[in-house]
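Visitor:
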Amino acid sequence: MNLNLECDLAEQIRVLDPAQWSILQAEICLNIANAKLCAFAAEADHVVGLVRFGLFNRAAAADHLHTAALYNQLYLEYGIEAIQKIMAAGLAEGVA
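Per our numbering, the sequence shown runs over residues 90 to 185.
1. Going by other Cβ atoms of all chains shown within 10 Å of its Cβ, with 16 needed for buried, is Ile121 buried or exposed?
2. Out of Ala124, Ala151, Glu116 and Leu105, which one is the CA nearest neighbour of Tyr167?
3. Is any non-hydrogen atom of the ligand FAD found closer than 6 Å to the C-beta of Leu159, if you look at the structure I gave you?
4. State yes or no: is the C-beta of Ile172 within less than 7 Å of the C-beta of Tyr164?
5. If I measure Cβ to Cβ from Ala193 and keep anything under 7 Å in the same chain, skipping five residues before and after, which residues do I get?
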């Protein structure tokens, strides 16, 4: 996050306080946050398709998904268990 040092710092910090948000601001921020999780689940499904076609083995697919989760800070935002659950469900389905 970058703060504009030429503006009032207190105003910039106030904008970042969820308690000060309107209902619309909260909805927009939550929808964007949820979109990251939905995008990860969609990519997990995509990787499962690649495993089914034999382009990747399950270990490589898990490594790629893990790297994507780390890069996008999904473990920090949603927790390790939630992200690994998405990965495990997709990869288990991929071999079924």
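Every residue, glycine too, gets a C-beta built ideally from N, C-alpha and C.
Guide: Taking the definition as stated:
1. Under this definition Ile121 is an exposed residue.
2. Ala124
3. Absence of the ligand FAD is noted for the structure shown, with no ligands found whatsoever.
4. yes
5. Since the displayed the chain opens at 90 and closes at 185, residue 193 lies outside it and no answer follows.
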